[in-house]
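**Student:** Handing you this structure, nothing more for now.
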Amino acid sequence: MKLVGPLLILFAFGLYGFIAYSFFAFIVPYEPWPAWQRTLLSLVGIFLLANIIYNYLGAIFTDPGSPPEYGGTEMEEGAGMGGLGDEVKQCQKCSRLKPARCHHCSVCNRCVLKMDHHCPWVNNCVGFHNYRYFWLFLVYLAMGCTFVIATVARAFYVAIFTPRQSEFPFFGRQCVALTFVICCAIELAMCVLATFHVYLALTNQTTLEFQLNLHTRARARWNGVNFRNPYDLGRKRNMQQVFGPSRFPIWMMPYLAEPPEGDGLSFRALGKPAVLRLPQRPKCDRPATHNAAAG
Numbered sequence: 004m005k006l007v008g009p010l011l012i013l014f015a016f017g018l019y020g021f022i023a024y025s026f027f028a029f030i031v032p033y034e035p036w037p038a039w040q041r042t043l044l045s046l047v048g049i050f051l052l053a054n055i056i057y058n059y060l061g062a063i064f065t066d067p068g069s070p071p072e073y074g075g076t077e078m079e080e081g082a083g084m085g086g087l088g089d090e091v092k093q094c095q096k097c098s099r100l101k102p103a104r105c106h107h108c109s110v111c112n113r114c115v116l117k118m119d120h121h122c123p124w125v126n127n128c129v130g131f132h133n134y135r136y137f138w139l140f141l142v143y144l145a146m147g148c149t150f151v152i153a154t155v156a157r158a159f160y161v162a163i164f165t166p167r168q169s170e171f172p173f174f175g176r177q178c179v180a181l182t183f184v185i186c187c188a189i190e191l192a193m194c195v196l197a198t199f200h201v202y203l204a205l206t207n208q209t210t211l212e213f214q215l216n217l218h219t220r221a222r223a224r225w226n227g228v229n230f231r232n233p234y235d236l237g238r239k240r241n242m243q244q245v246f247g248p249s250r251f252p253i254w255m256m257p258y259l260a261e262p263p264e265g266d267g268l269s270f271r272a273l274g275k276p277a278v279l280r281l282p283q284r285p286k287c288d289r290p291a292t293h294n295a296a297a298g
């Protein structure tokens, strides 16, 4: 997967470049818009493209964070901090400290702080230090595709269904049609992925924790225990843990916003998750059977 990552990044930048070229070379000059609308839409397009590229590069080049070397140090959970156990564990694969929410990535071959997943499209793990860039990249990409689809829709219809009435040159019609199709495909994927990660941020979960919590919640329900994600501190505080203390819409622009607090080794929590204390469901004893011959 490490070999595929750079190729996917080049492919992604190729798509961004092609869509930007089609928009600014054909849509903006040829659409019958007044000058003020053409200027406004150009500025909006530049803003969205700049934020897509900025956050994409941030997700690629920002190290998600790794724990320090294991020294047999115990870490208490007091004061609402800590994670899933009374002692900090040691990773059996890389022998580093393994605090709460830390997982070992088999692709990067190292432990990652607050690991969400390994993403081949950024050729990097998504973790504590670069998750906000990844999250904002998804959101801005979804917004950008929506913007392009809305502005290109008329030109796409004309280029496909009434090409003789189109003011676009032949090559321009091909670019407009392909741009519309590409953005629709990306938009479908981004609507699902971005919505999922909005939910994760609001509930203070990673992708790995979401999968684990589904299983834990089912076990808790089976055993008559109410399970609650121990890191769910409320939507406002959950978002602050991901994007920092800056207010909306400043946190949507990480080049202006303050970084998230903490070091990725400990997190505020409500308490230990219920999975560590789930009682075993009592097994029903089978009724004793009597031997008819002995009766």
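Sequential numbering of the sequence shown, starting at 4, is according to the numbering used here.
All C-beta atoms, glycine included, are put in the ideal place defined by N, C-alpha and C.
Would you call tryptophan 138 buried or exposed, if buried means 16 or more other Cβ atoms sit within 10 Å of its Cβ?
**Tutor:** When all chains shown are included, tryptophan 138 counts as buried.
**Student:** Rank Val125, Phe131 and Gly237 by C-alpha distance to the C-alpha of leucine 13 and give the top, closest one.
**Tutor:** Considering only alpha carbons, the answer is Val125.
**Student:** Relative to the alpha-carbon of glycine 247, which residue among Pro263, Val161 and Gly237 has its alpha-carbon at the smallest distance?
**Tutor:** Nearest of Pro263, Val161 and Gly237 to glycine 247, Cα basis: Pro263.
**Student:** Are there 16 or more other CB atoms within 10 angstroms of the CB of tryptophan 225, so buried, or fewer, so exposed?
**Tutor:** Tryptophan 225 should be labelled exposed.
**Student:** Less than 8 Å separating the beta-carbons of asparagine 207 and asparagine 241?
**Tutor:** Taking 8 Å as the Cβ cut-off, asparagine 207 and asparagine 241 qualify as a contacting pair.
**Student:** Could you tell me the boundaries of the beta strand (DSSP E) in which valine 115 lies?
**Tutor:** From DSSP, the beta strand (DSSP E) with valine 115 extends over 113-115.
**Student:** When the Cα of tyrosine 57 is compared with those of His200, Ser269, Arg271 and Tyr258, which residue comes out closest?
**Tutor:** When only C-alpha atoms are compared, the closest one is Tyr258.
**Student:** Alpha carbon to alpha carbon, how far is serine 269 from valine 129?
**Tutor:** Approximately 17 Å, taken between the alpha carbons.
**Student:** Where in the segment 211-258 do unbroken runs of the beta strand (DSSP E), each at least 3 residues long, occur, reported from the N-terminal end onward?
**Tutor:** List check, beta strand (DSSP E) in window: nothing returned.
**Student:** For my contact list, phenylalanine 150 and valine 47 are in at a C-beta cut-off of 8 Å; report their separation, rounded to the angstrom.
**Tutor:** Right, the Cβ-Cβ distance comes to about 6 Å (below 8 Å), so this counts as a contact.
**Student:** From what residue to what residue does the alpha helix (DSSP H) around asparagine 58 run?
**Tutor:** It spans 38-64 - the alpha helix (DSSP H) in which asparagine 58 sits, taken as one unbroken run.
**Student:** Give the secondary structure of glycine 88 by DSSP, where H, G and I count as helix, E and B as strand, and everything else as coil.
**Tutor:** With a pLDDT of only 44 at glycine 88, under the threshold of 50, the placement of this residue in the model should not be trusted, and no figure is reported.
**Student:** With distance defined between alpha-carbon atoms, name the residue in Ala145, Leu60 and Leu10 nearest to tyrosine 136.
**Tutor:** Closest by alpha carbon: Leu60.
**Student:** Using three-state DSSP, classify phenylalanine 270 as helix, strand or coil.
**Tutor:** In this structure, phenylalanine 270 counts as strand in the three-state DSSP scheme.
**Student:** Rounded to the nearest angstrom, what separates tyrosine 202 and glutamate 212 at their Cα positions?
**Tutor:** Each residue's alpha carbon lies about 13 Å from the other.
**Student:** Is the separation between the beta-carbon of leucine 144 and that of proline 70 shorter than 8 Å?
**Tutor:** Going by C-beta atoms, leucine 144 is not nearer than 8 Å to proline 70.
**Student:** Under DSSP, the beta strand (DSSP E) around cysteine 108 begins and ends at which residues?
**Tutor:** Unbroken beta strand (DSSP E) run through cysteine 108: 106-108.
**Student:** Per DSSP, which residues does asparagine 127 bridge with? Please list them.
**Tutor:** In the DSSP output, where bridge partners are listed per residue, asparagine 127 has Cys122.
**Student:** Relative to the alpha-carbon of isoleucine 30, which residue among Phe131, Leu10, Val161 and Asp235 has its alpha-carbon at the smallest distance?
**Tutor:** Closest option to isoleucine 30, Cα to Cα, is Val161.
**Student:** Between which two residues does the alpha helix (DSSP H) holding phenylalanine 29 run?
**Tutor:** Taken as a continuous stretch (DSSP letters only), phenylalanine 29 belongs to no alpha helix (DSSP H), as it is neither H nor E.
**Student:** Does the segment 179-196 come within contact of the segment 18-30, defined as at least 3 CB pairs closer than 8 Å?
**Tutor:** Counting Cβ pairs under 8 Å, three or more are found: they touch.
**Student:** Go ahead and pull the three-state DSSP assignment for leucine 196.
**Tutor:** Leucine 196: helix per DSSP, three-state reduction.
**Student:** Quick check: the Cα distance between leucine 191 and leucine 141, rounded to an integer number of angstroms?
**Tutor:** Each residue's alpha carbon lies about 12 Å from the other.
**Student:** Our contact map puts histidine 132 next to aspartate 235 with C-beta atoms below 8 Å; I'd like the distance itself, whole angstroms only.
**Tutor:** Wrong, their Cβ atoms sit about 22 Å apart, outside the cutoff.
**Student:** Look at the alpha carbon of alanine 103 and the alpha carbon of glutamine 244, and state the distance between them as a whole number of angstroms.
**Tutor:** The straight-line gap from Cα to Cα measures roughly 15 Å.
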